[in-house]
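Below is one structure, written out as structure tokens; comments come after it.
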Amino acid sequence: PPIFACVHSTSMLKAKVLPQILEQANTNGVSCSMILQQDGSLLAFAGNSLAKTVAAIVANVWTSYNTAVGMGEHSLEYLLFDNAEGRVVVTKASKMLLCVCGDDKAEFGMLKAKAAVLRDYLEEPLKLLSK
Amino acid sequence: RSDMDSHHNSEVGTFLSSLVQRVSGVQAALVSDRDGVVLAKAVHPDHTSSHIINVDDSLATTFAIATDQASKFTQGKNKSVTAFYQDRVLVHISVSPLVVTIIASAASANVGLLLALAPEVNTALAGLAKELNDQEDRVHL
Numbered sequence: 001p002p003i004f005a006c007v008h009s010t011s012m013l014k015a016k017v018l019p020q021i022l023e024q025a026n027t028n029g030v031s032c033s034m035i036l037q038q039d040g041s042l043l044a045f046a047g048n049s050l051a052k053t054v055a056a057i058v059a060n061v062w063t064s065y066n067t068a069v070g071m072g073e074h075s076l077e078y079l080l081f082d083n084a085e086g087r088v089v090v091t092k093a094s095k096m097l098l099c100v101c102g103d104d105k106a107e108f109g110m111l112k113a114k115a116a117v118l119r120d121y122l123e124e125p126l127k128l129l130s131k
Numbered sequence: 132r133s134d135m136d137s138h139h140n141s142e143v144g145t146f147l148s149s150l151v152q153r154v155s156g157v158q159a160a161l162v163s164d165r166d167g168v169v170l171a172k173a174v175h176p177d178h179t180s181s182h183i184i185n186v187d188d189s190l191a192t193t194f195a196i197a198t199d200q201a202s203k204f205t206q207g208k209n210k211s212v213t214a215f216y217q218d219r220v221l222v223h224i225s226v227s228p229l230v231v232t233i234i235a236s237a238a239s240a241n242v243g244l245l246l247a248l249a250p251e252v253n254t255a256l257a258g259l260a261k262e263l264n265d266q267e268d269r270v271h272l
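Below is the structure:
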């Protein structure tokens, strides 16, 4: 699809393309997707306004679990939150965090798979941003 | 806590042992309070190396904070947090005021099954949780 070609063929990342890519994950119960820095600041998001509330909290909890004693420090790959009315999956992408939120009809496996696909697509472009 | 109803405690111990044995990949399961004080624990016979048995108290506090924060996602109350590390999976289930910690091998754990068992975990720990909540209420009266 043209959007992905646009991201990969330019040496400068077009930041406004990010929300469009994230938006493509927002189907089948996914309510919002976002990319955030590890300090909690939101880089891009698509979906409902949940994003800003979630971002700061997610970064904090990620750091906490990533440095948890005895689990393999800094080897955290995914975080899954099971909440009464929805689910959230977080994974790392380059030096940032990718977060996919779903309602209670969105299964974890699907959210995790979407996060993985987004991460794989964005890994290279996000590396440009980290430099 | 030293005068905890021993009936509830041994039921919980039995439940944890059965969990460790019947779900593949589970290395240890423990119940603690939010400060990490362990109330019951079961370790899989294959995994008696010290780094499993000595599950750090801080894990429970990490979850205690995380579950409170996650409950602010506007998705209602947080029920569990699952962390996938390179070699291990950590599942934390909230049965307030208790924290259930399950540690499993990343290679062999069926996380879907563990999460599907969360309601059963809640039921098994309901008695002990109520006991603790009642004690808290009595202390505050």
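As given, the protein sequences belong to chains F and Z, one line each in that order.
With my numbering applied, the first sequence covers 1 to 131.
With my numbering applied, the second sequence covers 132 to 272.
Don't be surprised by glycine CBs; every beta carbon is placed ideally from N, CA and C.
Model, not experiment: these values are computed from the prediction.
Exercise. Short check: CB of S148 (chain Z) to CB of A173 (chain Z), under 7 Å?
Worked result: Inclusion of S148 (chain Z) and A173 (chain Z) in the CB contact set at 7 Å is warranted, their separation being smaller than that value.
Exercise. Beta-carbon of G167 (chain Z) versus every beta-carbon of chain F: anything under 7 Å?
Worked result: With 7 Å as the cut-off, G167 (chain Z) does not count as an interface residue toward chain F.
Exercise. Going by beta carbon distance, what residues of the same chain come within less than 8 Å of A197 (chain Z), once the five residues before and after it are set aside?
Worked result: Cβ-Cβ distances below 8 Å link A197 (chain Z) to N209, V212 and H223 in the same chain, with the five nearest sequence neighbours on each side left out; the list follows chain order.
For this session: Could you round the C-beta distance between A237 (chain Z) and Q217 (chain Z) to whole angstroms and report it? I think they count as a contact, below 8 Å.
Result: Yes, A237 (chain Z) and Q217 (chain Z) are in contact; Cβ-Cβ is about 7 Å, under 8 Å.
For this session: Give the interface partners of D82 (chain F) over in chain Z, defined as CB-CB distance under 8 Å, in chain order.
Result: Ordered by position in chain Z, the residues that pass the 8 Å Cβ test against D82 (chain F) are N209, K210, S211, V212, T213, L246 and A249.
Exercise. If you draw a straight line from the alpha carbon of I233 (chain Z) to that of D103 (chain F), how long is it in whole angstroms?
Worked result: Those two C-alpha atoms are separated by around 25 Å.
Problem set entry | Where the beta strand (DSSP E) containing K105 (chain F) begins and where it ends | Annotation: K105 (chain F) is outside any beta strand (DSSP E) and is labelled neither H nor E by DSSP.
Exercise. Just to confirm, are F204 (chain Z) and V230 (chain Z) a CB contact at a threshold of 7 Å?
Worked result: It is not a contact, given that the beta carbons lie outside the stated cut-off.
For this session: With 7 Å as the threshold, decide whether the Cβ of Y78 (chain F) is near any Cβ in chain Z.
Result: It does; some Cβ of chain Z falls within 7 Å.
Exercise. For a contact meaning CB atoms closer than 8 Å, what does I57 (chain F) contact in chain Z?
Worked result: The CB of I57 (chain F) comes closer than 8 Å to the CB of Q200, A201, K203 and F204 in chain Z, given here in chain order.
Problem set entry | As assigned by DSSP and simplified to three states, the class of S49 (chain F) | In this structure, DSSP gives S49 (chain F) a state outside helix and strand, which the three-state scheme calls coil.
Exercise. Would the segment 144-159 of chain Z and the segment 41-53 of chain F be scored as touching if the rule is three or more Cβ pairs under 8 Å?
Worked result: The segment 144-159 of chain Z vs the segment 41-53 of chain F: no contact.
Exercise. Name the chain Z residues whose beta carbon is nearer than 8 Å to that of S64 (chain F)?
Worked result: Residues of chain Z whose Cβ lies closer than 8 Å to the Cβ of S64 (chain F) are, in chain order, T193, I196 and A197.
Exercise. If we ignore side chains and look at the alpha-carbon of each, how far apart do A113 (chain F) and F146 (chain Z) end up?
Worked result: Straight-line Cα distance between these residues: approximately 32 Å.
Exercise. Going along the chain, which residues of the segment 221-241 of chain Z sit with their C-beta nearer than 7 Å to a C-beta in chain F?
Worked result: Going along the segment 221-241 of chain Z in chain order, one finds L221 with a Cβ nearer than 7 Å to chain F.
Problem set entry | For F204 (chain Z), three-class secondary structure by DSSP | Residue state for F204 (chain Z) is assigned as coil, using DSSP reduced to three classes.
Exercise. Where does N157 (chain F) land, buried or exposed, given buried means 16+ other C-beta within 10 angstroms?
Worked result: Residue coverage of chain F in this structure runs from 1 to 131, which leaves residue 157 (chain F) outside it and unanswerable.
Problem set entry | Closer than 7 Å to chain Z by CB, L50 (chain F) | Closer than 7 Å: yes.
Exercise. If you measure from the beta carbon of D218 (chain Z) to each beta carbon in chain F, is any gap under 7 Å?
Worked result: At least one chain F Cβ lies under 7 Å of D218 (chain Z).
For this session: Using the Cα positions of K105 (chain F) and S31 (chain F), report the straight-line distance between them to the nearest angstrom.
Result: Near 11 Å, if we compare the C-alpha coordinates of S31 (chain F) and K105 (chain F).
Exercise. Could one say the Cβ of S75 (chain F) lies closer than 7 Å to chain Z's Cβ atoms, at least one of them?
Worked result: For S75 (chain F), at least one C-beta of chain Z is nearer than 7 Å to its own C-beta.
Problem set entry | Local Cβ density within 10 Å of N83 (chain F), reported as buried at 16 or more and exposed below that | Buried, by the Cβ-count rule.
Problem set entry | Own chain residues within Cβ distance below 6 Å of L76 (chain F), not counting five before or after | Cβ neighbours of L76 (chain F) within its own chain (closer than 6 Å, five residues either side excluded): Y65 and N66.
For this session: Quick one: grab the DSSP three-state call for T91 (chain F).
Result: Shown here, T91 (chain F) sits in a strand according to DSSP, grouped into three states.
Problem set entry | Exposure label - S49 (chain F); buried when at least 16 CB within 10 Å | Only exposed fits S49 (chain F), as fewer than 16 other CB atoms lie within 10 angstroms of its CB.
Exercise. Can the beta-carbon of M96 (chain F) be found closer than 7 Å to that of R219 (chain Z)?
Worked result: No; because the gap between Cβ atoms is not below 7 Å, this pair is not in contact.
Exercise. N60 (chain F) touches chain Z at which residues, Cβ-Cβ below 9 Å?
Worked result: Near N60 (chain F) (Cβ distances below 9 Å), the residues of chain Z are I196, A197 and Q200.
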